[in-house]
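Notes for the one structure printed next.
Residue numbers (our numbering): 1015 to 1202.
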């Protein structure tokens, strides 16, 4: 249930993979966060979505690479109210699109030498899925959960490709994605 940030490893403290540490509910030693260069940008307003990064995922990769530990502490739980609006297909599509943007960002940062070789293009699938007639036909043929999953997957791929296109065609986005340290002032 990662799109809802639901995580429950039981009633006892235990070591966990740092990739199960999500930004909506964790604490970190300041020293480690500074060593990692801070969080990558995340949770951007719609007009700045092209600047979205991968948030705490960068910090999780840093922690894993350094061999630092991550601990699940059930008593540190935070309860979030999830409004009805976050339980719709439209919400999950928007969330998946944003995740596609973040995953594009991560791929571009982790493999900068391959950025000029990127050949993947799923835009025809996106155009087809945006067709109301196609979605209506697909919705009548597939079980509801498979139709919802197809919609979410399609939105994810759209977000990934949208961000990738912005990176390849906009030098400012490219500079932002490849910025070494987000704790430095913006003008450096």
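All residues carry an ideal CB built from backbone N, CA and C; glycine is no exception.
message: I'd like to confirm the pairing. Which residues does DSSP put opposite residue 1085 in its beta bridges?
response: 1029
field: Option nearest residue 1054 by Cα separation, candidates 1070, 1064, 1062, 1046
entry: 1070
- request: Using only alpha-carbon positions, find the residue among 1064, 1018, 1080 that is nearest to residue 1032.
  value: 1080
- prompt: Roughly how many angstroms lie between the CA atoms of residue 1174 and residue 1117, to the nearest whole one?
  reply: 7 Å
message: Is the beta carbon of residue 1112 closer than 8 Å to that of residue 1066?
response: yes
query: Just to confirm, are residue 1171 and residue 1083 a CB contact at a threshold of 8 Å?
result: no
- request: Can you give me the Cβ contacts of residue 1074 inside the same chain, cut-off strictly under 7 Å, excluding the 5 residues immediately before and after it?
  value: 1032, 1033, 1035
message: Quick check on residue 1017: buried or exposed, where buried means 16 or more other Cβ atoms within 10 Å of its Cβ?
response: exposed
Separation of residue 1194 from residue 1124, as counted between CA atoms: 12 Å
- prompt: Of the choices 1092, 1166, 1189, whose alpha-carbon is the least far from that of residue 1108?
  reply: 1166
- request: Could you have a look at residue 1046 and say whether DSSP puts it in helix, strand or coil?
  value: helix
query: Which residue's Cα is closest to the Cα of residue 1050: 1090, 1189, 1078, 1029?
result: 1078
task: Quick one: give me the first and last residue of the alpha helix (DSSP H) that residue 1095 is part of.
output: From DSSP, residue 1095 is part of no alpha helix (DSSP H); its letter is neither H nor E.
query: By DSSP, does residue 1197 sit in helix, in strand, or in coil?
result: coil
- prompt: Hey, how far is the Cα of residue 1091 from the Cα of residue 1189?
  reply: 37 Å
- request: Would you kindly check if the distance between the Cβ of residue 1027 and the Cβ of residue 1087 is under 8 Å?
  value: yes
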